[in-house]
Each structure stands twice: as C-alpha cells, then as structure tokens.
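Novice: The sequence shown lines up with residues 330 to 501 when you count with my numbering.
Ideal Cβ positions, reconstructed from N, Cα and C, are used throughout, including at glycine.
Got a structure here, written out as structure tokens. Questions coming.
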Amino acid sequence: MQKKNRAMILGGIDAGKTTLTDALLGNDRKPSKVKTQSLNYVDWIVDTPGEYTENPLHYRSIMATSMEITHVLFVQDATNEKSIFAPGFSSGINKLSIGAVTKADHENADIDRAVWLLKKAMVSGPIVITSAYTGQGISSILDLVRLNSMREMKEYAEDTDAEHIIFHETVR
Ligand SMILES: Nc1nc2c(ncn2[C@@H]2O[C@H](COP(=O)(O)OP(=O)(O)O)[C@@H](O)[C@H]2O)c(=O)[nH]1
Ligand SMILES: [Mg+2]
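So this is what it looks like as structure tokens:
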C-alpha cells in the first residue's frame, strides 16, 4: 500500500470491522473474541470500536483521527436490518468515503438492504460488497484506497466489470 494513504474503519458493534481489517492486511487469524476497546492503528488502517460510531461522545476522537487518514470505510453488516449511521453521516468527515457491506456470505445476508442503508449514510462514493470469509471484494477495497480522488474512485467503480462494486452519488 502506498505509504501516505490510510483508512479509518467506522461501523457498529460486531459489524465486522476488525475481521475486515485482518482480511485487508492479509492477516489470517482466527476471529478474535476480544472486543476492540480503543483506536487500533494497524499498518495503514485505523480500526475503531463500534462504540466510537454509536456514541456521539466519541465524535471528537473520530474527528481528530480523521486528520491522519485519507479514506473512511463505512461498514454495514449485511445481516443487520439497522444502520448506526445518521443520514448523511459521511458529510461530517471531509475524507474520501468508501462503503463496505460485510458478511455477504452469511445465510441471513440481505445485500440490497445493506447497500440501501449505506446510500443513506454516504453522500457519495463506491460501495463494495465484501466477505472476509470468502475474500469477496477485498481486493477492490485495496485498489480504492490507493486512489486519491472521488473522480478516480468513480472511474474505477464504473470500469470494473464486477457485480460487487457500485458507485453511489446523491442526486441533488
Ligand atoms: N459470515 C461472516 N461473519 C463475519 C464476517 N466478518 C465478521 N464476521 C463475524 O462477525 C462477528 C463480529 O466481527 P468483528 O470483526 O469482531 O466485528 P467488529 O466489532 O465490527 O470489529 C464475528 O463473530 C465474526 O466472525 C464475514 O465476512 N462473514
Ligand atoms: Mg472490532
């Protein structure tokens, strides 16, 4: 990964942030039973506890950390019928947004619902359907984090002939 590009991962408790972090870094470790307790800087990724996104008390930390990163990964669990992001949440962080639907392999996954929830949370950006278990979508996220503008990410999403990546833009 290009050294200067770093991503912060935001999403609810148990959304699959830490498992996705491991998959992105190629760490083949057993799912940890230990909850992520604080900001966790691993290589070019900042993994965050679900509480950071769920509790406004932590927004200052999120904003401070956003100074150090180029991309934000908004994670939506495909098995969760709810979003923890307020509508337009991504507009509060002036960094490149990427949406990631996690657990696409799960028998209870509802991909369309998860994409729809991310579209409400994100103003614009690519949305990637992923599974840390099957590896689906992981390389697309790695590619996107190497890109340095929304325009490049849009071109990438539109040029990629894959069903697991779409580009979302809020129509004004
Ligand atoms: N089926 C499936 N389960 C997953 C996947 N990613 C994470 N999980 C499970 O979801 C639970 C929460 O994952 P974790 O990464 O700790 O979530 P976090 O709280 O957002 O960091 C764990 O039991 C994982 O094994 C996935 O791609 N597929
Ligand atoms: Mg975690």
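Count Cβ pairs between the segment 435-449 and the segment 470-483 that sit closer than 8 angstroms; are there 3 or more?
Specialist: no
Novice: Across which residues does DSSP place SER504 in a beta bridge pair?
Specialist: For the chain, the structure presents residues 330 to 501; residue 504 sits outside this window and is missing.
Novice: Could you tell me which of GLY355, GLU397 and VAL363 sits nearest to VAL375, measuring between CA atoms?
Specialist: GLU397
Novice: Would you say VAL404 and ALA344 are within 7 angstroms of each other, going by their C-beta atoms?
Specialist: yes
Novice: Identify whether ALA336 lies in helix, strand or coil by the three-state DSSP scheme.
Specialist: strand
Novice: Report all residues from its chain with a CB closer than 7 angstroms to the CB of SER412; omit the five preceding and five following residues, and keep chain order.
Specialist: GLN405, LEU446, LYS449 and ALA450
Novice: Let me check understanding here. Comparing Cα to Cα, which of LEU402, VAL457, LEU368 and THR489 lies closest to ILE338?
Specialist: LEU402
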